[in-house]
Structure formats: C-alpha cells, structure tokens
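Structure first, commentary second.
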Amino acid sequence: MKLAAPVLVLLTLMSAGVARAEVVDAQPNGFATKRSVVIAKPAAEVWAALVQPARWWSSDHTWSGSAANLSLGAASGACFCEKMPNGGSVLHMTTVNAQPGKQLTLFGGLGPLQLSGASGHMIWALAEADGKTTLTWSYDAGGYMNGGLDKIASIVDRVLAQQQDRLKAYVETGKAG
C-alpha cells in the first residue's frame, strides 16, 4: 500500500455514510473514540471471532490489500500483525491484556498513525447478558501528527465503526459484509 493510500481510504469512508462511533474527545495531541454494539451471541462466540480479524476486518484497511493476511494473538506480548508480500510484515498493535470472553487490550498505531509519532490504546470489552454480548470498543491515540490528531479523529472513528459492524455481522451471520 502506498503511503497516501491509508489516508485516501479513510477520506473515502468519510463520505460513504459508514456507521459512526462517538468521538469522546479530540485535541491536536490526541483523541478518544468509543462505541458499543449488542451482538446476538454469547461472549465466548464473540471472543472466538474477535481474535480472527482475517475473517471480518475489511481488506480496504490493510497495508497488503487482503484481510486474509491479518492475525491477532490473544496473549500479552502477542500482536495484531499482517503478513506482506515477499516476506514482509506489519505490527499494527501489541496485545497487552487478554482475558478471554471479557476483554482484549492492544497498544500501537493503526493506519496513518504508523506514519507519525502517535500511537493508540484499544480496548475491546465484552459483557454477556441473556445470551447476548455487548461489545464496547474504545480507542484513544496520542502523540504527534503533523496538522494535529484532532483532524483525523472522526475519520478513524468511522473506520473503527465499520470494523465493529463487520465483526457483528460476521458473528451473527457468518459473513462480514
């Protein structure tokens, strides 16, 4: 993927009417987003799907152009990684807290954050009730990005909302899109 491609994909989504999470805060030095969805499956099933991003993440938001190249290790020190052609790889985020069926916490930079001095902290929290799971997805990023991180907060928000919607669809129907 060319360096400008992640930004272009994000800008395209901005005008595509993708579901929006909530931008909780946006400042030049950082932002925070949060969104919850109810998935009509038990937490164990949501967790099993969550740790298989190759099955639900959009290929449009990968460096390689194929979500099949994504993997997510659900143990501290593991990674949300991507295989690249010719033996290359991308470390998107590192797993820092894994509690199967309850919470997965990652640290690192997604998309355009990898092209800056910024990084983020993502928490996927699962809460089951009556056979359904509320998945709360929060992401905060901080550091330096030319022009300010507040300028991309709503774009990142939309991209993450799209991924969460794809995960929900995958868990409930077996198809992400």
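Numbering (my numbering), first residue to last: -3 to 173.
Cβ atoms here follow ideal geometry from the backbone N, Cα and C, with glycine treated the same way.
Note that the structure is a prediction, hence the values are computed from the model and not measured.
Spatial neighbours of VAL229 in its chain, beta-carbon cut-off 7 Å, leaving aside the 5 residues before and after: Given that the chain is displayed from residue -3 to residue 173, the structure contains no residue 229 and the question cannot be resolved.
Beta carbon of ALA28 nearer than 9 Å to that of TYR135: yes
According to DSSP, residues forming a beta bridge with ARG31: TRP133
Cβ-based neighbour list, GLU18, same chain, cut-off 8 Å, excluding 5 preceding and 5 following: THR29, LYS30, ARG31, ASP153
3 or more residues per run - each beta strand (DSSP E) lying fully within the segment 94 to 165: 99 to 104, 113 to 125, 128 to 140
From ASN25, PHE76, PRO24, residue whose alpha carbon lies closest to that of PRO49: PHE76
First and last residue of the uninterrupted alpha helix (DSSP H) at ALA40: 39 to 46
Buried or exposed by the 16-neighbour rule on C-beta atoms within 10 Å, applied to LYS147: exposed
Close beta carbons around SER115, own chain, < 8 Å, minus the five adjacent residues each side: PHE103, GLY104, GLY105, LEU109, ALA137, GLY138, GLY139
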